[in-house]
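Visitor:
In my numbering, the protein residues as written are 712 to 1245.
So this is what it looks like as structure tokens:
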């Protein structure tokens, strides 16, 4: 089968001009500059990175345009990836079904009824081989939204790369691998908190040594915000989680400048355009300050907060679905004006089901119009210096930093989550937001104002009822043809290593190469460490 390669991105122009021929300068700043401007805001590409992590930002290279997709089977998902690459997307983002996310094979009792529903079902090395069939893993960046089972999915990918003759260092992409937000806001946890942090840190350590182009964690505020947090809470909880991961890696003996430059973050973009821009700018400043003052990072790259953005799924409405295109456009524009490194735009029909191919392509075209037609990508931090934006940036910085200090006094992110603090704060904010909508204080077009009697839209995606049966048959056939003795020996070696401080990534790679399934690896870890809440 031929390889699916994204089309070449058009070269950025030598000069950037408006439609009237006015040349756009690289950056614009207030004149005269306010007192403290250089310290508080700085230059693009320099600490504290308020104005962006690269000196030229999108004038030099556009953000990575990702589309998040995963459809029931590896074959179906592979077809969608090929269509997205052909349409101009420059990175893939894989959505997995719930059994895969938690670590159950399709024939496990707890997987019944969920196989292939929320994304692609992956249980074996063969599934991952099929998932990326014809896709050059040394040329296409791959992001995997996976947490509890991140170490297993990374190991599958490494084994596939090895089969293709690719070195680990040739791979580029991101694992979400953020367990703290699972305990606080999302719920796809398996192991208890402490061993979960150990496995996360194993992945960080392995990639720091062997995968210089790989982001081992995407510290995620997206799901925190989707659960109901405010913009300030999103920043504070996300960065507090980041502090916990850095502390764990440093305690492991990793020098901070060895791994910090490969940490990545994941934020949402909501409808309040200017607050969202300010949120991204403030988050960069806070992180640079924390890494320098708290951890003593010396490499400027260790201070630079790089992040992926996804438009806000929770804002999409099942009524008047075409209006969702407008919402997504505003949100995507906020991400670009705020300086994101990577962006996913939601399909207009995602409030109903997995998006249609046409909706996914339209969402990608939204990014391309912003990139090539709006002029927003032609100037670095175009809103920088605007009094309103700078005031909002300072306000987010102040309030998020105060909330982070409160979390520190509780003993850090893990302790705050174990005490239910994150959860209570998010629930309170979610309740208040919903009450404002129901009272009419906050307008949602088509929901509490400007309603119509338009007929309901039928979901574009429906799950084949035979998907689960075929997945069960595949995983059982896979087990039947492997070398059972070699597989069991590899799993025993993993269990033994789990009782030591040994990095578990090579052990998990050995397991999947010996034919172990996702569920068998996770069961081995559960037998050693237990389950969260168990």
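No residue lacks a Cβ here, since even glycine has one placed at the ideal position from N, Cα and C.
These numbers were taken from a predicted model, which means no experiment stands behind them.
1) Across the segment 1109-1126 and the segment 874-888, are there enough close Cβ pairs to call them in contact, namely three or more that are closer than 8 Å?
2) At 4 residues or longer, and completely inside the segment 950-1030: list those alpha helix (DSSP H) runs for me, N to C.
3) Please list the terminal residues of the continuous beta strand (DSSP E) segment that includes residue 778.
4) Count the CB pairs spanning the segment 757-768 and the segment 1091-1098 that are closer than 8 Å, and state whether there are at least three.
5) Since I believe residue 1072 is in contact with residue 798 (beta carbons under 8 Å), could you give me their beta-carbon distance rounded to a whole number of angstroms?
6) Between which two residues does the alpha helix (DSSP H) harbouring residue 934 extend?
7) Taking the alpha-carbon positions, what's the residue 869 to residue 861 distance?
8) Which stretch, first to last residue, makes up the alpha helix (DSSP H) that contains residue 1233?
9) Report the option in 1061, 1240 and 1202 whose CA atom is closest to the CA atom of residue 1224.
10) What span of residues does the beta strand (DSSP E) with residue 1055 cover, start to end?
11) CA-CA distance, residue 913 and residue 824?
12) Who does residue 886 pair with in a DSSP beta bridge?
13) With DSSP run on the structure shown, which of helix, strand or coil describes residue 1160?
14) So residue 750 packs on residue 1075, CB below 8 Å; how close in whole Å?
15) Consult DSSP for residue 734 and reduce its assignment to one of helix, strand or coil.
16) Check each candidate in 815, 727 and 979 and name the one with the smallest Cα separation from residue 738.
17) When DSSP labels each residue in this structure, what does residue 727 get in the three-state scheme?
18) Do the CB positions of residue 1013 and residue 972 come within less than 8 Å of each other?
19) Which residues in the same chain as residue 781 place their Cβ atom closer than 7 Å to its Cβ, once the five residues preceding and following it in sequence are excluded?
20) So if DSSP puts residue 925 in a beta bridge, which residue, or which two residues, is it bridged to?
21) Taking DSSP as the reference, what is the three-state secondary structure of residue 804?
22) Which residue's Cα is closest to the Cα of residue 796: 943, 1031, 779 and 1221?
23) Can you look up residue 930 in the DSSP assignment and give me helix, strand or coil?
24) Find out if the Cβ-Cβ distance for the pair residue 863, residue 1242 is shorter than 8 Å.
25) Keeping to the same chain, check which residues put their C-beta closer than 8 Å to that of residue 1032; ignore five residues upstream and five downstream.
26) Quick check: what's the CA-CA separation for residue 668 versus residue 777?
27) How many whole angstroms separate the CB atoms of residue 1034 and residue 1081, which I take to be in contact at a CB cut-off of 8 Å?
28) Measuring CB to CB, does residue 887 end up less than 8 Å from residue 1136?
29) What's the call for residue 1195, buried or exposed, on a 16-neighbour Cβ count within 10 Å?
30) With DSSP as the reference, please indicate the residues paired to residue 783 in a beta bridge.
31) Compare the Cα-Cα distances from residue 742 to each of 1110, 1096, 1126 and 1159 and report the closest residue.
32) Tell me whether the segment 831-843 and the segment 1038-1056 touch, counting them as touching only if at least three CB pairs, one residue from each stretch, are closer than 8 Å.
33) Which of the three DSSP states, helix, strand or coil, is assigned to residue 1216?
34) Bridge partners for residue 1091 per DSSP, in chain order?
35) Could you check which residue in 1021, 1101 and 844 has the C-alpha nearest to that of residue 748?
36) What residue range is occupied by the uninterrupted alpha helix (DSSP H) comprising residue 812?
Guide: Taking the geometry as given:
1) At 8 Å Cβ cutoff, the stretches do not touch.
2) DSSP runs (the alpha helix (DSSP H)) wholly in the segment 950-1030: 967-970, 984-1004 and 1011-1014.
3) Judged by DSSP secondary structure, residue 778 falls within the beta strand (DSSP E) whose first and last residues are 775-780.
4) By the Cβ rule, the segment 757-768 counts as touching the segment 1091-1098, because three or more pairs are nearer than 8 Å.
5) Confirmed, about 5 Å.
6) Per DSSP, residue 934 is one residue of the alpha helix (DSSP H) stretching across 933-937.
7) Those two C-alpha atoms are separated by around 12 Å.
8) Segment 1229-1240, the alpha helix (DSSP H) holding residue 1233.
9) Of the candidates 1061, 1240 and 1202, the one whose C-alpha sits nearest the C-alpha of residue 1224 is 1202.
10) Where residue 1055 is concerned, the enclosing beta strand (DSSP E) stretches over 1053-1055.
11) So the two alpha carbons sit approximately 33 Å from each other.
12) According to DSSP, which records beta bridges pairwise, residue 886 is partnered with 855.
13) Assignment of residue 1160 by DSSP, reduced to helix, strand and coil, places it in the strand class.
14) About 39 Å separates the beta carbons of residue 750 and residue 1075, which is beyond the 8 Å limit, so they are not a contact pair.
15) If DSSP states are grouped into helix, strand and coil, residue 734 belongs with the strands.
16) Residue 727 holds the alpha-carbon nearest to the alpha-carbon of residue 738 among 815, 727 and 979.
17) The DSSP-derived three-state label of residue 727 is coil.
18) Yes. Within cutoff.
19) For residue 781, where only same-chain residues beyond five positions count, the Cβ hits under 7 Å are 788, 805, 806, 807, 830 and 831.
20) DSSP lists 884 as partners of residue 925.
21) The three-state reading of DSSP puts residue 804 in strand, counting E and B together.
22) When C-alpha distances from residue 796 are compared across 943, 1031, 779 and 1221, the shortest belongs to 779.
23) Three-state DSSP puts residue 930 in a strand.
24) In this structure, residue 1242 does not lie closer than 8 Å to residue 863 by Cβ.
25) Counting only Cβ-Cβ distances below 8 Å, and skipping sequence neighbours, we find 1059, 1060, 1062, 1063 and 1168.
26) Residue 668 is absent from the model: the chain starts at 712 and stops at 1245.
27) Not quite, the Cβ-Cβ distance comes to about 18 Å (not below 8 Å), so this is no contact.
28) For residue 887 and residue 1136, no; Cβs fall outside 8 Å.
29) Answer is exposed; the Cβ neighbour count stays below 16.
30) In the DSSP secondary-structure assignment, residue 783 is bridged to 831.
31) Taking each of 1110, 1096, 1126 and 1159 in turn and checking the Cα distance to residue 742, the smallest one comes out for 1096.
32) The answer is no - the segment 1038-1056 does not touch the segment 831-843, with fewer than three Cβ pairs under 8 Å.
33) DSSP places residue 1216 in helix when its eight states are reduced to three.
34) Bridge partners of residue 1091: 738.
35) The option with the nearest alpha carbon to residue 748 is 1101.
36) From DSSP, the alpha helix (DSSP H) with residue 812 extends over 809-813.
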